[in-house]
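Q: The following block contains the structure, expressed as structure tokens.
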Ligand code: CS2
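Residue numbers (this note's numbering): 7 to 493.
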């Protein structure tokens, strides 16, 4: 069947009922400002919110804020804010259009518009998916203040960064009597709620103000694998949807959202859409970061070094799943206290099944990016805790050594690997000054105080383990190293 429609308001009646949005564009007024219009938000929180509004009502439309690039805004505007979510790997492709975006805004082009939106009393939730680096904080949660950020915070420059948008937005809201608000960080940071509360508090202090008492920062755990959309996904989305969509997002069937229930200004009925509310998200987020995200990174670095393109390809390397299982059982599981009724080992094993979803086309290079920002949250806690317990987390050390090899920039074949990381310049500089040997590389990278806490950087047992693995990887390559592990 030829696809003739372009997704937009007028195409809705032409779609099959199962493909139509359950909230029509413009049907509900905005109640949420969301910073970060990337694929993850559109396949996760936006879908939960659309389903919550469809089930229980409420003016919980989302104003989507694109931080830098305005391309996505123009594309969404051309489709009346509509886009589709293509679910792959669960049998037949499924596509549904989502209509919950009720406003679109551009932080770089109109930062004061975003500040006013945050100040608007109709807005009761400000959520974010901006990735680790956008918060401009070190692994301990300290705001990385430079002159430019200081100027943004004090009002001398437009507030285009995330800390400045939040701080200036909250100040404007307080001055306007905007009322209670929840700031909800949906990024993969350990203790994301309290961490962002601390960050915003520091940002407000620079602006000469304090955190308003009526703003809550609950922690939350978000989970759905949402890779970059490929041309093939776009084609499949059009077929499954019955209309062309310039900006579909692709996702696995699995989705999960666990949230601390602290919403003084109210919230959508996300529970009606399947979200779990809890008093303490810590067990969930620790389990997810350590037994899913760290294992994802392991697959990405080892697979990229072995010249494999996709996460699903990495899992097929002989010895890989055996090694990942031991990583989960021997290093990770002893460090997490999972939520009641959940086994850390089973959870980790189920992550492996999800990673094997080849339809996602998830590229190793995508998961490998920003390692300096991701590893402190997903891997270094496991290592630190095992070391404190007197154990040697050998698999976790292998993963860290693989990141170090990746940072050197060459695959086992000698092909170059891109280091897409906010600390790339710094990493290149320390490596350029260090001997290109296992010890030289390990010592140079462990010296990155932005990444490694002093206790890990000065841990001689860990250092030796890293040098050993780095040497193995350098000498034999990933494939032979994995094969040599036995089962
Ligand atoms: C991935 C995550 O890119 C990455 O670092 O580990 O984006 C992962 O796909 C999600 O957190 C799954 O919920």
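Even for Gly, the Cβ is constructed at its ideal location relative to N, Cα and C.
Could you name the residues of the same chain whose beta carbon sits closer than 6 Å to that of residue 74, not counting the 5 residues immediately before and after it, in chain order?
A: If you number the chain shown from 1, residue 74 lands on position 68. So the qualifying residues of the chain are 114.
Q: Within the same chain, show all residues whose beta-carbon is closer than 7 Å to that of residue 344, passing over the 5 residues directly before and after it, in chain order.
A: For the purposes of this step, residue 344 is taken as the residue at position 338 of the chain shown. These residues qualify, in order along the chain: 289, 293, 350 and 353.
Q: Which residue comes first and which comes last in the beta strand (DSSP E) that contains residue 229?
A: By one-based count along the chain shown, residue 229 stands at place 223. Start and end: 226-229.
Q: So residue 15 and residue 86 are in contact, right, with Cβ under 8 Å, and what is the actual spacing, rounded?
A: For the purposes of this step, residue 15 is identified with residue 9 of the chain shown, where counting begins at 1. For the purposes of this step, residue 86 is identified with residue 80 of the chain shown, where counting begins at 1. With a Cβ gap of about 4 Å, residue 15 and residue 86 count as contacting.
Q: Are the beta-carbon atoms of residue 38 and residue 111 separated by less than 8 Å?
A: Position 32 of the chain shown, counted from the start, is the residue given in the question as residue 38. Position 105 of the chain shown, counted from the start, is the residue given in the question as residue 111. No; because the gap between Cβ atoms is not below 8 Å, this pair is not in contact.
Q: What I want to know is whether the C-beta of residue 193 ends up closer than 7 Å to one or more non-hydrogen atoms of ligand 1.
A: The residue given as residue 193 occupies position 187 in the chain shown. No, the Cβ of residue 193 stays beyond 7 Å of every heavy atom of ligand 1.
Q: Measure the CB-CB distance between residue 142 and residue 150 and report whether it falls below 8 Å.
A: Within the chain shown, the letter at position 136 stands for residue 142. Within the chain shown, the letter at position 144 stands for residue 150. Yes; because the gap between Cβ atoms is below 8 Å, this pair is in contact.
Q: Apply the 10 Å Cβ neighbour rule to residue 487 and answer buried if 16 or more other Cβ atoms are within range, or exposed otherwise.
A: By one-based count along the chain shown, residue 487 stands at place 481. By the 10 Å Cβ count, residue 487 comes out buried.
Q: Cutting at 8 Å between CB atoms, please list the residues of its own chain near residue 138, excluding the five before and the five after it.
A: Here residue 138 is taken as the residue at index 132 of the chain shown, counted from 1. So the qualifying residues of the chain are 193, 194, 195, 376, 379, 380 and 383.
Q: Given that a residue counts as buried once 16 or more other Cβ atoms are within 10 Å of its Cβ, and exposed if not, what is residue 158?
A: Residue 158 sits at position 152 when you count from the first residue of the chain shown. Buried, by the Cβ-count rule.
Q: Is DSSP giving residue 196 helix, strand or coil here?
A: Taking the first residue of the chain shown as position 1, residue 196 is located at position 190. Three-state result, residue 196: coil.
Q: Tell whether a beta-carbon distance below 8 Å holds between residue 324 and residue 265.
A: Walking along the chain shown from the start, residue 324 turns up at place 318. Walking along the chain shown from the start, residue 265 turns up at place 259. No.
Q: Can you give me the Cβ contacts of residue 339 inside the same chain, cut-off strictly under 6 Å, excluding the 5 residues immediately before and after it?
A: Locating residue 339 in the chain shown gives position 333, counting from the first residue. So the list reads 350 and 351, once near-sequence residues are dropped.
Q: Under 8 Å between the Cβ atoms of residue 50 and residue 263?
A: Start at 1 with the first residue of the chain shown, and residue 50 comes out as number 44. Start at 1 with the first residue of the chain shown, and residue 263 comes out as number 257. Yes. Within cutoff.
Q: Any heavy atom of ligand 1 closer than 7 Å to the CB of residue 51?
A: Here the question's residue 51 lines up with position 45 in the chain shown. Not under cutoff, so the answer is no.
Q: Just grab the DSSP bridge partners of residue 38 for me.
A: Counting from 1 along the chain shown, the entry for residue 38 is found at position 32. DSSP output for residue 38 lists 68 and 131 as bridge partner(s).
Q: Compute the distance between the beta-carbons of residue 471 and residue 403, then report whether it is under 8 Å.
A: Translated into the one-based positions of the chain shown, residue 471 becomes position 465. Translated into the one-based positions of the chain shown, residue 403 becomes position 397. Yes, the Cβ-Cβ distance between residue 471 and residue 403 is below 8 Å.
Q: How about residue 169 and residue 372: are their beta carbons less than 8 Å apart?
A: For the purposes of this step, residue 169 is identified with residue 163 of the chain shown, where counting begins at 1. For the purposes of this step, residue 372 is identified with residue 366 of the chain shown, where counting begins at 1. No. Outside cutoff.
Q: Can you have a look at residue 442 and say buried or exposed, based on whether 16 or more other CB atoms are within 10 angstroms of its CB?
A: For the purposes of this step, residue 442 is taken as the residue at position 436 of the chain shown. Exposed is the call here.
Q: Can you list the beta strand (DSSP E) stretches of 3 or more residues lying completely in the segment 84-159, in chain order?
A: The qualifying runs are 89-93, 100-104, 107-112 and 131-134.
Q: How big is the Cα-Cα spacing for residue 296 and residue 389?
A: As a first step, residue 296 is located in the chain shown; it is residue number 290 there, counting from the start. As a first step, residue 389 is located in the chain shown; it is residue number 383 there, counting from the start. Computed Cα separation, rounded: 10 Å.
Q: Just to confirm before moving on: does the CB-CB distance between residue 103 and residue 88 stay below 8 Å?
A: Counting from 1 along the chain shown, the entry for residue 103 is found at position 97. Counting from 1 along the chain shown, the entry for residue 88 is found at position 82. Yes, the pair counts as a contact, with Cβ atoms nearer than the cut-off.
Q: So within the segment 281-356, which uninterrupted alpha helix (DSSP H) runs reach at least 4 residues, ignoring any that extend past its ends?
A: Here the runs fully enclosed are 288-294, 300-311, 317-321 and 326-332.
Q: Using alpha carbons as the reference points, say which of 242, 302, 304 and 205 lies closest to residue 256.
A: The count along the chain shown starts at 1 and reaches residue 256 at position 250. Of the listed residues, the one whose Cα sits closest to residue 256 is 242.
Q: At which residue ranges does the segment 354-440 contain complete alpha helix (DSSP H) runs of 4 or more residues, listed in the order of the chain?
A: DSSP runs (the alpha helix (DSSP H)) wholly in the segment 354-440: 370-374, 377-381, 387-394, 400-414 and 430-438.
Q: So residue 276 is in the beta strand (DSSP E); what residue range does that whole segment cover?
A: Against the chain shown, residue 276 aligns to sequence position 270. Taken as a continuous stretch (DSSP letters only), residue 276 belongs to no beta strand (DSSP E), as it is neither H nor E.
Q: Which one of 393, 387, 385 and 444 has the shortest CA to CA distance from residue 414?
A: In the chain shown, counting from the first residue as 1, residue 414 sits at position 408. The residue with the shortest Cα to Cα distance from residue 414 is 444.
Q: Looking at C-beta atoms only, is the number of pairs between the segment 118-125 and the segment 25-35 that lie closer than 8 Å three or more?
A: They do not touch, by the three-pair rule.
Q: Taking the beta strand (DSSP E) that residue 265 belongs to, which residues open and close that run?
A: On the chain shown, position 259 is the one that residue 265 refers to. Counting along the chain, the beta strand (DSSP E) containing residue 265 begins and ends at 262-266.
Q: Check whether the segment 355-367 and the segment 177-187 touch, using three or more Cβ-Cβ pairs below 8 Å as the test.
A: Because the criterion of three Cβ pairs below 8 Å is not met, the segment 355-367 and the segment 177-187 do not touch.
Q: Do you know how far the Cα of residue 69 is from the Cα of residue 230?
A: Here residue 230 refers to the residue found at position 224 when the chain shown is read from its first residue. Here residue 69 refers to the residue found at position 63 when the chain shown is read from its first residue. Those two C-alpha atoms are separated by around 21 Å.
Q: Between 94, 44 and 109, which has its C-alpha nearest residue 66's C-alpha?
A: Position 60 of the chain shown, counted from the start, is the residue given in the question as residue 66. The shortest C-alpha separation from residue 66 is found at 109.
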